[in-house]
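Asker: Letter 305 of the sequence shown, counting from 1, is numbered 1006 in my numbering, and no numbers are missing. Note that CB positions come from ideal geometry on N, CA and C, so glycine has one too. Got a structure here, written out as structure tokens. Questions coming.
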Amino acid sequence: KGQITGRWGSQKRDPDVMIVETCAITTRVAPSFTRIGHIDLFGRRAQRAGAGTAQMNELREMVRHAIFREFPEILESSAGDADGGDGDVTPEQAAAFLVSSGFAIADVVCGWLRVGFCQGNFNADNCLVGGRTMDYGPFGWMDAYDPLFAKWTGSGEHFAFMNQPGAGLANFAVLAASCAPLLKGGEDEAQAIVQRIQGEMESKVADVWRVKLGLRESQRAAAAELFDHKLEPLMRESNVDYTLVFRQLAECLKLPHDVSDADLLEPLAPAFYDSPNAFYDSPNRAEWCDFVRAWRDEVDGTAGTIEAMNEANPAYVLREWMLVEAYTAAKENDDFSVLEELFELTRTPYELGSDEMQEKYYRRAPDRALKAGGTAFMS
């Protein structure tokens, strides 16, 4: 150790080391990049001790601009008030802005749950008021199901996959508190709107699982029972691929009504990371059979249901190991064919595509990708 540190200390180290790397420029395009954090800043200034008319006017102008860029219909519904992003904002417009933003945030979070995506650092600075996110990551899609999945090692449980609705609500609560001075009912009205959005978020999250299971709106209670008390606990215990288990579940509807337990789970086998041997010996196999039979009793097993499930459950997502293969080939071999292949694949992610594409990409993640740094997780 002493020899190593001594040699390192005696060497001349030039801090200006030039490294040539292939890189690209990413251009972000959006109606606006207004973050909740932006409005939070002006809200804090307007509400701090000693604040005056100037700070309150700045908050109004900031909210007015956000409405103009993200929800112009709110201004258009007010006669003579759609002239631009500058000017006053009424209490009614501020309230409508909060509701619209809350609905949009609920939509984006539920979209993530549906396709297995985790933003990983969904705080108020990375949450845009229009229901989008803007961050450098790390973020990504889940392979093996884990409710606490996140690509970033610093995410913590509060930004994990299944906790994203809570993170979205926490962000929205910041937005509502920031806009409270503009509301007729002040903080009480802001809190009432937060409670409304919480109900909307819970309803939309429940609908995610209902739609993924192919059930009708009238079957919300059955969907909650099947997912919360049967499927989700089984996925947690079984080391199962999130994308494949939902996609392959529809294949179970093609089996005859009197199918044996031995054959009932055959369509799900590709989704299990311990398949084939451990899958067939698994102690929870009987519980999987119980779930599939209970689900088949509830769902309409027609071709239309299978089609609807396949439209809700993607066959392909941009898994990290796919991206690693693409950028490695591009960087090391100047080969962009893998990148171009993934681009075409993700243009129609709900279609299985050719046999060649299925063999390459309609599969569980390679075992090495489940633990490799820079693929399974990032710092």
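Run through DSSP, which three-state label would residue 1035 get?
Answerer: One-based indexing of the sequence shown puts residue 1035 at position 334. It is coil, neither helix nor strand.
Asker: Indicate the three-state DSSP secondary structure (helix, strand or coil) for residue 798 in the structure shown.
Answerer: Along the sequence shown, read from residue 1 onward, the residue named residue 798 stands at position 97. Helix, per DSSP.
Asker: Hey, is the region 762 to 769 in contact with the region 795 to 804, meaning 3+ C-beta pairs nearer than 8 Å?
Answerer: With three or more CB-CB distances shorter than 8 Å, the region 762 to 769 counts as touching the region 795 to 804.
Asker: Put residue 883 into one of helix, strand or coil per three-state DSSP.
Answerer: Residue 883 sits at position 182 when you count from the first residue of the sequence shown. The answer is helix: DSSP assigns residue 883 an H, G or I state.
Asker: Starting from residue 758 and walking both ways along the alpha helix (DSSP H), at which residues does that stretch end?
Answerer: Start at 1 with the first residue of the sequence shown, and residue 758 comes out as number 57. Where residue 758 is concerned, the enclosing alpha helix (DSSP H) stretches over 754 to 771.
Asker: Taking all protein chains shown into account, decide if residue 721 is buried (16 or more other Cβ within 10 angstroms of its Cβ) or exposed.
Answerer: Stepping through the sequence shown from its first residue, residue 721 is reached at position 20. Under this definition residue 721 is an exposed residue.
Asker: Measure from the alpha carbon of residue 970 to the alpha carbon of each residue in 925, 1065, 1055, then state which is nearest.
Answerer: Sequence index remark: in the sequence shown, residue 970 carries index 269 (1-based). Closest option to residue 970, Cα to Cα, is 1065.
Asker: Between residue 1043 and residue 1059, what straight-line distance do the alpha-carbon atoms span, to the nearest angstrom?
Answerer: Along the sequence shown, one-based indexing puts residue 1043 at 342. Along the sequence shown, one-based indexing puts residue 1059 at 358. Each residue's alpha carbon lies about 12 Å from the other.
Asker: Cα-Cα, which of 825, 963, 876, 838 is closest to residue 980?
Answerer: As a working mapping, residue 980 is identified with position 279 in the sequence shown. Of the listed residues, the one whose Cα sits closest to residue 980 is 963.
Asker: Leaving out the 5 sequence neighbours to the left and right, which residues in its chain are closer than 7 Å to residue 851 when beta-carbon positions are compared?
Answerer: Stepping through the sequence shown from its first residue, residue 851 is reached at position 150. Around residue 851: 819, 821, 860, 861, 862.
Asker: Per DSSP, residue 841 forms a beta bridge with which residues?
Answerer: Walking along the sequence shown from the start, residue 841 turns up at place 140. Within the DSSP bridge table, the entry for residue 841 names 819 as partners.
Asker: Would the region 877 to 897 and the region 843 to 850 be scored as touching if the rule is three or more Cβ pairs under 8 Å?
Answerer: no
Asker: Using 8 Å as the cut-off, can you tell me whether the region 893 to 900 makes contact with the region 820 to 835, which would need three or more C-beta pairs spanning the two stretches below that distance?
Answerer: no
Asker: Ordered along the chain, which non-local residues of its own chain (more than five positions away) have a Cβ less than 7 Å from that of residue 1006?
Answerer: Within the sequence shown, residue 1006 is the residue found at index 305, counting from 1. Around residue 1006, the same chain offers 915, 954, 1000 as residues with beta carbons nearer than 7 Å, after the five sequence neighbours per side are excluded.
Asker: Below 8 Å on the Cβ atoms is my contact criterion, and I expect residue 811 with residue 875 to pass it. Report the Cβ-Cβ distance as a whole number of Å.
Answerer: As a first step, residue 811 must be located in the sequence shown, where it is residue number 110. As a first step, residue 875 must be located in the sequence shown, where it is residue number 174. 20 Å between Cβ atoms; not a contact.
Asker: Look at the alpha carbon of residue 941 and the alpha carbon of residue 814, and state the distance between them as a whole number of angstroms.
Answerer: Here residue 941 corresponds to residue number 240 of the sequence shown, with the count starting at 1. Here residue 814 corresponds to residue number 113 of the sequence shown, with the count starting at 1. Straight-line Cα distance between these residues: approximately 16 Å.
Asker: I'd like to check one pair, residue 1021 with residue 944: are the Cβ atoms closer than 7 Å?
Answerer: As a working mapping, residue 944 is identified with position 243 in the sequence shown. As a working mapping, residue 1021 is identified with position 320 in the sequence shown. No; because the gap between Cβ atoms is not below 7 Å, this pair is not in contact.
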